[in-house]
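Number of protein chains: 2
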Amino acid sequence: MSTSDLCYLSISEAADLLQSGKLSPVDLINAHLDRIEATDGRLNSFITLLAEESLEAARNAERSINSGDYLGPLHGIPVGLKDLYYTKGVRTTIGSKILRDFVPDTDAAVTESFKNAGAIIIGKLQMHEFALGPTSINPHDGPAHNPWNVERVTGGSSGGSGSSVAAGQVMGALGSDTGGSVRIPAALCGIVGLKPTFGRVSRYGVYPLSWSLDTVGPMTRTVRDNALVLNTIAGHDSRDPWSVDTPVEDYTLGIENGVEGLRIGIPNEYFFDLIDAEVSRTFDQASHVLEGLGARVERVFIPILERSLAISGSIMMPEAAAVHIDHLRNRADDMGKDVRDRLETGALTPATDYIVAQQARRLFNRDLADVMTNFDLLLTPTVALGAPRIDQPSVTIEGSTLPTVAVLARLTRPFNICGFPTVTVPSGFTKDGMPIGLQIAGRVFDEATVLRAAYAYEQATDWHTRRPPL
Amino acid sequence: MSTSDLCYLSISEAADLLQSGKLSPVDLINAHLDRIEATDGRLNSFITLLAEESLEAARNAERSINSGDYLGPLHGIPVGLKDLYYTKGVRTTIGSKILRDFVPDTDAAVTESFKNAGAIIIGKLQMHEFALGPTSINPHDGPAHNPWNVERVTGGSSGGSGSSVAAGQVMGALGSDTGGSVRIPAALCGIVGLKPTFGRVSRYGVYPLSWSLDTVGPMTRTVRDNALVLNTIAGHDSRDPWSVDTPVEDYTLGIENGVEGLRIGIPNEYFFDLIDAEVSRTFDQASHVLEGLGARVERVFIPILERSLAISGSIMMPEAAAVHIDHLRNRADDMGKDVRDRLETGALTPATDYIVAQQARRLFNRDLADVMTNFDLLLTPTVALGAPRIDQPSVTIEGSTLPTVAVLARLTRPFNICGFPTVTVPSGFTKDGMPIGLQIAGRVFDEATVLRAAYAYEQATDWHTRRPPL
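Respectively, the protein sequence lines represent chains Z and B. Whatever position you read off the first sequence (first residue = 1), add 12 for my numbering. Whatever position you read off the second sequence (first residue = 1), add 12 for my numbering.
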């Protein structure tokens with residue numbers, strides 16, 4: 013098998029080969045290190061590459077597997093972590109200059125989970141500074157580049173996670189998602205990204221952006237792989253006060269059960285007001301695919317969706333400012349201008365605006381919960397357009413010219429407000445070859461149905477088999 | 013039985029007489045209307061007296077009871093509502109000039125509960141304007157006066173509820189408690205006041221002060237009566253998004269089971285830093301009474317209690333300002349100066365301060381919850397001194413001179429932060445004849461143990477049998 017073919021195995025394919033001894037973890041890591049060396053000059057996915065450490069871990073994995081201590085489907089699998097997950101003894105920069113030399117003395121809960129599962133952390137991945145932006149144009153590390161066209165953005169804030177998975181540099185990665193930061197780069201890089209239910213995955217040891225919105229999410233090339241990673245990281249953790257103590261499922265079980273009879277709603281409001289015509293056509297085709305598979309797809313009216321940006325912004329910005337209040341006071345010049353502007357906006361928000369937004373959020377969540385008494389899933393596009401160019405501060409959609417950042421994060425935010433589990437799955441390409449994502453949201457803690465529908469769609473199409481031209 | 017004796021029956025005594033037909037609801041209401049007429053010129057407990065309506069309700073109750081339709085222990089019992097509970101068709105002023113003419117078109121959930129239980133709402137009671145202060149010196153209605161000495165404050169914000177129950181004008185009342193507004197007037201007026209667990213009683217139709225701190229609480233002359241009222245109003249209500257769906261008990265069951273073996277903690281920090289010597293001595297005696305009854309009383313260290321005022325103030329003031337933002341903009345001159353100042357402070361609070369306070373609250377609540385793994389109850393004084401004079405803006409405690417309002421609300425606030433059920437029960441008098449309260453807090457949703465301990469203490473003493481000199 014060529015290096016590139018090895019690197020484009022799915023996790024579950026590689027796991028079968030590793031478990032049976034047909035593939036050496038050391039060979040698998042070496043193939044990925046080669047792939048990174050061959051591609052990262054163009055992509056800039058990595059902030060910190062752990063070449064020696066991951067080879068050492070691969071040798072350990074090989075010994076363990078050979079002696080019969082196989083830990084499960086992530087054992088020996090090369091993965092990456094967005095550079096806001098604490099890694100004991102390994103610097104964790106949060107994509108910033110200010111925390112360039114921060115070396116945590118503990119692992120994040122999810123870092124621990126990966127290590128306990130035998131996954132091999134091959135490096136720390138590029139991100140938008142402090143996770144506070146949707147482009148991953150990082151002023152301190154340079155921009156992350158989209159594997160489908162290196163002049164394009166990856167999306168953000170988990171841009172390095174998106175590009176590294178899409179480019180075969182890692183088999184899976186963790187992003188974090190506060191307003192879309194897993195789903196935006198997953199959609200723009202043509203991979204699968206899941207934002208689990210708020211509270212499903214521990215945030216212990218995750219550098220915060222916005223405590224009432226932050227989630228941890230898997231980014232992979234296939235839906236089944238996504239379920240495997242979720243299996244590894246889901247569960248209650250008393251160290252995260254917002255972690256919810258509710259049972260964890262094996263998310264691969266039943267994933268092949270199809271969408272026959274599932275009730276899928278397409279919101280009438282908000283999602284289609286400002287959307288590229290190609291994305292819109294692709295979305296219609298995807299909804300027909302799901303109908304063809306037996307789902308009952310219909311329009312649903314959710315007027316409160318129009319409040320999404322007002323609610324999400326009034327919560328996220330002041331919560332982020334509360335995290336960075338000392339950085340704003342003492343190190344403002346060391347931040348990128350866009351991030352500094354957002355944090356200053358947050359710091360100047362009156363408490364009353366924040367409180368009103370949190371109360372509006374309760375109404376929003378009540379209305380969305382009401383909708384889900386009639387629907388199993390909601391279906392929307394993930395991002396309103398294909399990845400724009402890195403040098404493109406504004407985009408034009410159907411005649412309206414808008415800031416790129418405003419357009420990129422528009423369609424993902426509603427599901428951070430209500431906390432629903434939400435996945436993006438590849439659903440086609442623009443004429444100029446950039447990936448398009450399909451967004452599927454479900455009821456709280458019903459990741460299983462969300463992944464089941466994504467899997468059915470994925471298997472009925474072949475978008476996930478395409479590889480970027482690297 | 014004299015009018016005054018009738019008015020000083022407990023609810024449970026009156027209920028026995030009403031159920032057996034030995035007492036007419038009409039006679040009972042007339043006795044209370046007489047008592048109100050005889051005393052309210054001095055007390056000013058009522059904002060709105062519902063004389064005709066309550067007589068009509070009494071006649072209906074008499075007919076129902078005579079025909080065998082006895083609804084339970086509140087049937088025919090005269091009660092009062094703090095004037096922030098919505099009463100359909102009856103003005104609800106919130107103690108303000110701004111809402112002087114507000115007539116709700118629905119009942120609050122607790123108003124409904126009272127009506128469904130056959131209780132007779134005899135009037136709407138005096139309060140601190142917008143519930144935002146601990147004195148009930150109301151600039152629009154005049155001050156509420158303490159029945160034990162009409163030159164003294166009742167405490168607040170539920171001052172009219174405290175004075176009316178203490179003076180035999182009603183058999184029970186509802187206050188609301190955001191920082192102590194049930195417990196402060198209950199303590200200063202010498203009655204029993206319970207702040208149930210946050211989420212235990214519906215706040216539907218309660219004019220808000222601070223959405224993350226507000227609770228609804230019964231004020232009565234005996235602990236058993238308090239349990240009877242709680243039985244009537246407790247329970248889940250989907251119309252209040254913060255109402256918790258957890259089972260309701262019959263809070264009178266087991267109330268006589270005593271405190272033998274209960275572990276009672278006396279916090280080492282905060283509660284005894286600024287306290288009148290008489291209150292301190294009274295507290296020591298009360299703790300010895302409980303020890304004598306078989307409780308295991310010991311000191312407990314809870315350092316985070318020192319953060320109580322910072323957390324509570326940074327949450328309450330901006331939440332109140334969010335409620336009154338339009339009043340601040342358009343009607344600020346129609347508010348009392350103290351309330352306006354507090355709301356303006358809240359409106360000027362940055363969101364980041366509020367967010368930091370909410371996060372500090374989580375640590376506070378975690379520490380308090382940890383304490384309650386070793387203790388059934390916490391025991392403290394309710395208020396640091398006996399009721400001060402109405403004309404006394406500052407008080408001197410052990411040589412320190414402080415604003416009256418700051419001293420009154422100091423010891424009750426911690427339990428609003430963590431949401432614990434907390435009761436105050438009469439525990440003695442100052443040398444100049446003003447009542448002193450003993451505060452007992454318990455685990456969340458364990459109102460039963462809190463009331464059981466209060467009952468044991470009450471029955472071992474005779475403070476609750478004293479009547480004010482009216």
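Ideal Cβ positions, reconstructed from N, Cα and C, are used throughout, including at glycine. Bear in mind the structure is a predicted one, so any value in this text is a computation, not a measurement.
Assuming residue i and residue j form a contact by the criterion Cβ under 8 Å, report the distance between their Cβ atoms to the nearest whole angstrom.
i, j, result
"Z:V177", "Z:R54", "In fact, because the Cβ distance is near 16 Å, the residues do not count as touching under 8 Å."
"B:D95", "B:T60", "7 Å"
"B:W223", "Z:Q371", "7 Å"
"Z:S193", "Z:S57", "Not quite, the Cβ-Cβ distance comes to about 15 Å (not below 8 Å), so this is no contact."
"B:G251", "B:Y219", "One detail in the question is off: residue 251 of chain B reads as Arg in this sequence, not Gly. Between B:Y219 and B:R251 the Cβ distance is about 15 Å, and since that is not below 8 Å, they are no contact."
"B:A185", "B:G247", "B:A185 to B:G247, Cβ: 19 Å. No contact."
"B:Y305", "B:A468", "A small fix is needed here, since residue 305 of chain B is Leu in this sequence, not Tyr. 5 Å between Cβ atoms; contact."
"Z:P159", "Z:L482", "5 Å"
"Z:T424", "Z:G191", "6 Å"
"Z:T51", "Z:A179", "5 Å"
Report the partner residues of residue i according to the DSSP bridge assignment.
i, result
"Z:I452", "Z:L391, Z:V435"
"Z:N150", "Z:G154"
"Z:F58", "Z:L137"
"B:S36", "According to DSSP, B:S36 bridges with nothing at all."
"Z:P197", "According to DSSP, which records beta bridges pairwise, Z:P197 is partnered with nothing at all."
"Z:F457", "Answer is none; Z:F457 lacks a bridge partner."
"B:V204", "B:T232"
"B:G145", "DSSP output for B:G145 lists no bridge partner at all."
"B:L414", "B:V407"
"Z:T51", "DSSP, once it has assigned bridges, lists no residue as partnering Z:T51."
"Z:G217", "The partner list for Z:G217 (beta bridge, DSSP) is empty, contrary to what the question assumes."
"B:R319", "None, per the DSSP bridge assignment."
Which residues in the same chain have their Cβ closer than 7 Å to the Cβ of residue i, if we skip the five residues on either side of it in sequence?
i, result
"Z:L109", "Correcting the residue identity first, residue 109 of chain Z is Lys in this sequence and not Leu. Once the five neighbours on either side are set aside, the close Cβ partners of Z:K109 are H152, D346."
"Z:G266", "A460, R464"
"Z:L242", "L206, P208, P230, Y263, E459"
"B:G145", "G168, S169, D350, V351, V417"
"Z:E261", "A460"
"Z:P400", "R164, V165, V407, T416"
"B:A26", "L35, L40, I89, M183"
"Z:R71", "V38"
"Z:A73", "P37, H87, G88, G130, I132"
Identify, in the order they occur along the chain, each residue of the same chain with its Cβ nearer than 6 Å to the Cβ of residue i, setting aside the five sequence neighbours on each side.
i, result
"B:D189", "K207, T227, G229"
"B:W254", "G211"
"B:T244", "L86, S125, A129"
"B:V213", "V228, I245, A246"
"Z:M384", "R455"
"B:N377", "C430"
"Z:N238", "V204, L206, P230, T232"
"B:A348", "Sequence check: residue 348 of chain B is Gly here, not Ala. Taken in chain order, the residues that qualify are E141, P151."
Output needed for residue i: all residues of its chain with C-beta closer than 8 Å, excluding positions within five of it in sequence on either side, in chain order.
i, result
"Z:T234", "S22, I23, S24, V204, E470, H476"
"B:V104", "According to the sequence shown, residue 104 of chain B is Thr rather than Val. Result list for B:T104: D95, L96, Y97, Y98, L111, F114, V115, P116, K136, Y219, in chain order."
"Z:R374", "none"
Does the Cβ of residue i lie closer than 7 Å to at least one heavy atom of the ligand FAD?
i, result
"B:E331", "This structure lacks the ligand FAD, and indeed carries no ligand of any kind."
query: Any contact of the segment 264-274 of chain Z with the segment 425-439 of chain Z, i.e. 3+ C-beta pairs under 8 Å?
result: no
task: Indicate whether the contact test is met: 3 or more Cβ pairs, each with one atom in the segment 286-298 of chain B and one in the segment 440-451 of chain B, closer than 8 Å.
output: yes
field: Contact the segment 124-135 of chain B vs the segment 60-72 of chain B: 3+ CB pairs below 8 Å
entry: yes
message: Quick check on the DSSP output: what are the complete beta strand (DSSP E) runs of length 3 or more inside the segment 358-412 of chain B, in order along the chain?
response: 389-393, 406-409
- prompt: Below 8 Å, can you find three or more Cβ-Cβ pairs linking the segment 333-345 of chain B to the segment 303-310 of chain Z?
  reply: no
task: Would you check if the segment 278-287 of chain B and the segment 391-407 of chain B touch, i.e. whether three or more CB-CB distances between them fall below 8 Å?
output: yes
query: Does the segment 196-204 of chain B come within contact of the segment 432-446 of chain B, defined as at least 3 CB pairs closer than 8 Å?
result: yes
message: Taking contact to mean 3 or more Cβ pairs, one atom from each stretch, closer than 8 Å, check whether the segment 361-371 of chain B and the segment 110-117 of chain B are in contact.
response: no
query: Unbroken beta strand (DSSP E) runs of length 3 or more, entirely within the segment 88-139 of chain Z: which are they?
result: 90-94, 132-137
query: Taking one C-beta from the segment 83-93 of chain B and one from the segment 26-40 of chain B each time, how about it: are there three or more such pairs within less than 8 Å?
result: yes
task: Note down, one range per segment and in chain order, each beta strand (DSSP E) of at least 3 residues found wholly within the segment 262-300 of chain Z.
output: 275-279
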